[in-house]
Structures are given as C-alpha cells and as structure tokens.
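Visitor: A single structure is presented below for examination.
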Amino acid sequence: GAGIGIGMLTFATAEPMYHFAKDPATIQGLTQPSTLGNVREAYIWSFTHWGFVAWAAYAIVGLSLGYFSYRRGLPLTIRSGLTPLFGRAMSGFAGHVVDVVAVVATVLGVSQTLGFGVAQLVAGMHRIGVGAWLYDTAADGTRAASVAAIVVALLIIMGASTLSALSGVGKGIKWLSNINMLLSFFVLAFFLVFGSTLFGLQALFVGLWDYVLSIPRTLLNVWPRDNTPVGDALAAWQGSWTIFYWAWWIAFAPFVGLFLARISRGRTVREYVLGAMIVPSIMCFVWFAIVGGTAIDLELTGKAQGAIAGAGQESQIFAMLGVMLSPGLAWAMSIVVVVLLLTYLVTTADSAVLIINTINAAGDEGPKARPHILFWGIALALVVGALIVAGGLSAIKTAMVIGALPFSLVMVLMGIALIKGIWLDILREKQGIATTIDITDKPAA
Numbered sequence: 048g049a050g051i052g053i054g055m056l057t058f059a060t061a062e063p064m065y066h067f068a069k070d071p072a073t074i075q076g077l078t079q080p081s082t083l084g085n086v087r088e089a090y091i092w093s094f095t096h097w098g099f100v101a102w103a104a105y106a107i108v109g110l111s112l113g114y115f116s117y118r119r120g121l122p123l124t125i126r127s128g129l130t131p132l133f134g135r136a137m138s139g140f141a142g143h144v145v146d147v148v149a150v151v152a153t154v155l156g157v158s159q160t161l162g163f164g165v166a167q168l169v170a171g172m173h174r175i176g177v178g179a180w181l182y183d184t185a186a187d188g189t190r191a192a193s194v195a196a197i198v199v200a201l202l203i204i205m206g207a208s209t210l211s212a213l214s215g216v217g218k219g220i221k222w223l224s225n226i227n228m229l230l231s232f233f234v235l236a237f238f239l240v241f242g243s244t245l246f247g248l249q250a251l252f253v254g255l256w257d258y259v260l261s262i263p264r265t266l267l268n269v270w271p272r273d274n275t276p277v278g279d280a281l282a283a284w285q286g287s288w289t290i291f292y293w294a295w296w297i298a299f300a301p302f303v304g305l306f307l308a309r310i311s312r313g314r315t316v317r318e319y320v321l322g323a324m325i326v327p328s329i330m331c332f333v334w335f336a337i338v339g340g341t342a343i344d345l346e347l348t349g350k351a352q353g354a355i356a357g358a359g360q361e362s363q364i365f366a367m368l369g370v371m372l373s374p375g376l377a378w379a380m381s382i383v384v385v386v387l388l389l390t391y392l393v394t395t396a397d398s399a400v401l402i403i404n405t406i407n408a409a410g411d412e413g414p415k416a417r418p419h420i421l422f423w424g425i426a427l428a429l430v431v432g433a434l435i436v437a438g439g440l441s442a443i444k445t446a447m448v449i450g451a452l453p454f455s456l457v458m459v460l461m462g463i464a465l466i467k468g469i470w471l472d473i474l475r476e477k478q479g480i481a482t483t484i485d486i487t488d489k490p491a492a
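Throughout the sequence shown, residue numbering follows my numbering, covering 48 to 492 in sequence.
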C-alpha cells in the first residue's frame, strides 16, 4: 500500500468526481456533465488510470528483478533486469547509468505522491481545527494550503520516515504498515456501511465491465491538438490525466517493482502476477467505486449541494464526511483519515528511502547502508521541498514527467530481457542444463 494508499485517499473521491463533471464524453457532447448519464464514463477513466495497466507497469519491473535476482543470484537492483541483454556491461559504467536513471525516476515519482499526500494532510489538519495558519487566502478569496504549512508537514514526515527506515524493515516499517492496513480496512468498511453502498456496488460491477470493453479506446487513442475547440480540449484533458498517469506509472515503477520483488521470493510467475497485478487492481476498483460512488451519489441526490464538487481535490474526502455525518462524527472520522494518511506518508517515504538506497548500493542492505539511508532521507526531503517552494505541485509534475522519460526505455528493455531470459531457461531445461547459472556469462541466444 505504500505510495498507492496516498493516491487512493486523494483520488478515490476526487477523480470520479472530476470525470463525472468533465471527461472526453462531455467535451464531445456525448453526455451531460454531472448527470447520471455520465457516471459510467467517469468510472471507465478512473479505472483506466488505477487498474490493470498501471499495475502491469509495476509488475513487469518486479518480475524482471525477482526472476534474475532469485534464479540467477544477481543483486536485487535495476541493472540486473538488463543483464540478459548486455551481459557484463551491466557490472560497470553502463550499469551505474541505468541505476541512476532509476533513482531519478523514483525520487521524482515519490515526490509527486508525497506532494499530493502532504497537501491532503494539511487540508485534513485544517478541517479538524489544528490551526488557521495552515491556509492562505488568495486575492480572489479562495483558500489553499500555505507553502509554509506544506514544507513544515513535509519535514516532520521525512524526519519520522528516515528514523523508521533506519530502524529497519522488521521494526518501524512493519509496525506502521500494520497500522495503516488496519485503518485502511476500517475506513473502507465505514464507507461500505454508511456510504452509498448500492450505488457504489453498481458502479463497481458496471464500471469494471465497461472498463474492460473500453481498454482499446482508452489506452490506444491519442487526441492531437487540431486548432478546434473540441480537439484542443480533448488533447488538454488527455495530457492532464492519461498521459500524466503514464509518466507517473513509469516513474513509480522502480519503487513499487523493487518492493514487489523483495516480498515475492519463492512465488511462481502465476502467483506473482495474481498478487502483484490482479489483486491490487481489484482493491483500487473497490475503493474508487465505494468511496467515489458515495460522493457522486450525494451530489446526484442533492444532499451535498455542491459541497463536495466545489472543494479542492485534497479536501473532497473531508467535505464528503461533513455531508454524510453530524459535525462531531465528521470531525472524529476526519481524524481517522488524517492518521491513516500520516501513516501512508511515513511508510511511503521510508520505503522509498530504503529502495533508493538499495538501488544505489547494488542490492546491498547491510549495516554499512545506514549512513546512506540518512543521506537519502535528507536528499528526498530537500528535493520535494525545493520543488514545492519553486512551483508547488505543478513543478513536481513537470519534473516527474521529465524524469520518467528515460526510465521508459529501461522498462522496455527489461521486458525484452525478461522474455529472453525465460526463453533461454526453457531451452536449457529441454537440454537438461541447469537454469540457475550466472547469467553474466551471457550465453548465446
């Protein structure tokens, strides 16, 4: 759940609500915004951005790393996934370049996630009455989280996450992970019981059916700018959503993929795909359908009166709780969401620090890694803080898209290398040759 949990807390409400009001169907005039007729389109795009294809990007990296690390004894780091193609070259300068590309993508991908999460954390703290100083008022009267509040929250989170990372996977990280898992199920159960359950379940099953049937058009169609109002609006929408998600998936893939590889030793490929791609996708579908479905239903029935739709994406889940519950219960449930978000932020950051350090240390996780963990904790905090101060979430987004581009080539090569490695193993098994040899010998294809 590290990293992904932050995204679900922010976007499980915000994304279906946004697409409910504006998506390609409404831009083309095929459906009316914010009406029952546009709910299905809203979930097609929400599931597209959080479904099987996103998790496939993470799964291919994890499968490649796990396959060559656990079967061939190579270090559990990104360069190992390219060894079948480039042999011993991955042990030298070229391997360092690959790992640096992965580290840059990871830092910027995690920065994007932390940026979203910290903004929502500040919104939640403001909602429960921690302090008026958390928000600034703009000249037009709108209010948003202040840069100072975001930076202070970021420093606290990064300090806690670095200490957690230094304590090791078996202590701080495991303890926090158990807490956020329990709280996640509690929050989901709350929405199942007190939310718009029937509407959400209908959105889940109908949306999943529509999503699968729509995969060719949602993933293969690119709208170019054609100097028409509709064409330019479609291109702008796709750039802000689907193409942004493509970059986010790629930038996040080294982090999630390496994490998946670390926890999947001993699994078959079939078990790995089920656990790394299918199950997480289904969990995302359930979250988006139940939580986002409740928000849409409250707006459709008029109970929300625009309170949810009019809130910023970081505040929408808290606005929804305010509509659903009495003020006292909404305050208490908002505290639960803030605590859950805080644990997700810390576990995301500490896991990211460990993953970045593992890549840089060529898979070495021994005692000598502790000073490097401290360094990367500080470095990650500085990168995120500097980008937020320089230009807010838009600056992080731009940097993340740029950082993801080089790693997209690495991902393609990892997929080719994995196919080659499996094919060579099949040939060796037919010849009665062991399939756990050192692949740096680079056997002929």
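All C-beta atoms, glycine included, are put in the ideal place defined by N, C-alpha and C.
Could you pull out every residue in the same chain whose Cβ sits closer than 8 Å to the Cβ of Glu-346, ignoring the five residues on either side in sequence?
Guide: Closer than 8 Å at Cβ, skipping near neighbours: Met-64, Phe-67, Ser-81, Gly-353, Ile-355 and Ala-356.
Visitor: What does a CB cutoff of less than 8 Å around Gln-75 pick up in its chain, not counting 5 residues either side in sequence?
Guide: Same-chain partners within the cutoff: Val-277 and Leu-281.
Visitor: Tell me which residue opens and which closes the alpha helix (DSSP H) that Leu-56 is part of.
Guide: It spans 51-68 - the alpha helix (DSSP H) in which Leu-56 sits, taken as one unbroken run.
Visitor: When the distance is taken between beta carbons, is Leu-230 closer than 8 Å to Leu-387?
Guide: Taking 8 Å as the Cβ cut-off, Leu-387 and Leu-230 qualify as a contacting pair.
Visitor: Would Phe-335 and Trp-97 qualify as a contact pair, given that the criterion is a beta-carbon distance under 8 Å?
Guide: A contact, by the Cβ cut-off of 8 Å.
Visitor: How is the alpha helix (DSSP H) around Asp-397 delimited, first residue to last?
Guide: Segment 374-407, the alpha helix (DSSP H) holding Asp-397.
Visitor: Rounded to whole angstroms, what is the Cα-Cα separation between Leu-202 and Asp-344?
Guide: Approximately 37 Å, taken between the alpha carbons.
Visitor: Which two residues bound the contiguous alpha helix (DSSP H) that contains Arg-87?
Guide: Where Arg-87 is concerned, the enclosing alpha helix (DSSP H) stretches over 86-97.
Visitor: Determine the burial state of Val-157: buried for a count of at least 16 other Cβ atoms within 10 Å of its Cβ, exposed for fewer.
Guide: Val-157 is buried by the Cβ-count criterion.
Visitor: Please state whether the Cβ-Cβ distance between Gln-360 and Ala-89 is less than 8 Å.
Guide: No, Cβ-Cβ distance for Gln-360 and Ala-89 is not below 8 Å.
Visitor: Would you decide whether Trp-256 is buried or exposed? Buried here means 16 or more other CB atoms lie within 10 Å of its CB.
Guide: Exposed, by the Cβ-count rule.
Visitor: Considering only residues of the segment 193-231, which uninterrupted alpha helix (DSSP H) runs meet the minimum length of 4 residues and lie entirely inside it, listed in chain order?
Guide: Segments of the alpha helix (DSSP H) lying fully in the segment 193-231: 194-214.
Visitor: Note the first and the last residue of the continuous alpha helix (DSSP H) segment covering Leu-368.
Guide: 363-371 is the extent of the alpha helix (DSSP H) around Leu-368.
Visitor: What separation, rounded to the nearest whole angstrom, lies between the Cα atoms of Leu-210 and Thr-395?
Guide: Cα-Cα distance, rounded: 13 Å.
Visitor: If I follow the unbroken alpha helix (DSSP H) through Pro-71, where does it start and stop?
Guide: From DSSP, the alpha helix (DSSP H) with Pro-71 extends over 71-74.
Visitor: Give me the Cα-Cα distance between Phe-115 and Leu-155, rounded to the nearest whole angstrom.
Guide: The alpha-carbon atoms of Phe-115 and Leu-155 are separated by roughly 26 Å.
Visitor: Considering just the uninterrupted stretch of the alpha helix (DSSP H) at Arg-309, what are its terminal residues?
Guide: Run containing Arg-309: 289-310, per the alpha helix (DSSP H) assignment.
Visitor: DSSP on Asp-273, reduced to helix/strand/coil?
Guide: Three-state DSSP puts Asp-273 in coil, outside helix and strand.
Visitor: Out of curiosity, what's the CA-to-CA distance linking Ser-362 and Leu-110?
Guide: Computed Cα separation, rounded: 36 Å.
Visitor: Which two residues bound the contiguous alpha helix (DSSP H) that contains Arg-317?
Guide: Looking at the DSSP string, the run of the alpha helix (DSSP H) that includes Arg-317 is 316-320.
Visitor: Do the segment 419-429 and the segment 447-454 touch if we need at least three Cβ pairs shorter than 8 Å?
Guide: The segment 419-429 is not in contact with the segment 447-454.
Visitor: Determine the closest residue to Ile-125 out of Leu-465, Ile-480 and Lys-477, with distance taken between C-alpha atoms.
Guide: The option with the nearest alpha carbon to Ile-125 is Leu-465.
Visitor: Whose C-alpha, out of Leu-248, Lys-444 and Ala-294, is nearest the C-alpha of Ala-104?
Guide: Ranking Leu-248, Lys-444 and Ala-294 by Cα distance to Ala-104 puts Ala-294 first.
Visitor: Please list, in chain order, all residues of the same chain as Ile-443 whose beta carbon is under 8 Å from its beta carbon, the five residues on each side excluded.
Guide: Contacts found: Leu-155, Ser-158, Gln-159, Gly-162, Val-431, Leu-434 and Ile-435.
Visitor: Assuming Gly-242 contacts Ile-364 (C-beta within less than 8 Å), just tell me the rounded distance between them.
Guide: Actually they do not touch by this definition, with Cβ atoms about 11 Å apart.
Visitor: Using the beta-carbon count (16 or more within 10 Å), is Thr-348 buried or exposed?
Guide: Exposed, by the Cβ-count rule.
Visitor: Closest by CA to Ile-197, which one among Thr-130, Gly-438 and Ala-446?
Guide: Among Thr-130, Gly-438 and Ala-446, the Cα nearest to that of Ile-197 belongs to Gly-438.
Visitor: For Ala-207 and Phe-299, what's the separation of their Cα atoms in angstroms?
Guide: Distance between the alpha carbons of Ala-207 and Phe-299 is about 22 Å.
Visitor: Please confirm if the segment 371-381 is in contact with the segment 163-182, defined as three or more CB-CB distances below 8 Å between the two stretches.
Guide: Touching, yes.
Visitor: Is Lys-444 helix, strand or coil when you go by DSSP?
Guide: It is helical.
Visitor: How many Å lie between Ala-428 and Thr-405 at the Cα?
Guide: If you take the alpha carbons of Ala-428 and Thr-405, they lie about 18 Å apart.
Visitor: Quick check on this structure: which residue in Tyr-319, Ile-204, Gly-171 and Gly-339 has the alpha carbon closest to the alpha carbon of Gly-247?
Guide: Among Tyr-319, Ile-204, Gly-171 and Gly-339, the Cα nearest to that of Gly-247 is on Gly-339.
Visitor: Take the Cβ of Trp-222 as the centre, count every other Cβ of all protein chains shown within 10 Å, and call the residue buried at 16 or more, exposed below.
Guide: Per the 10 Å Cβ criterion, exposed.
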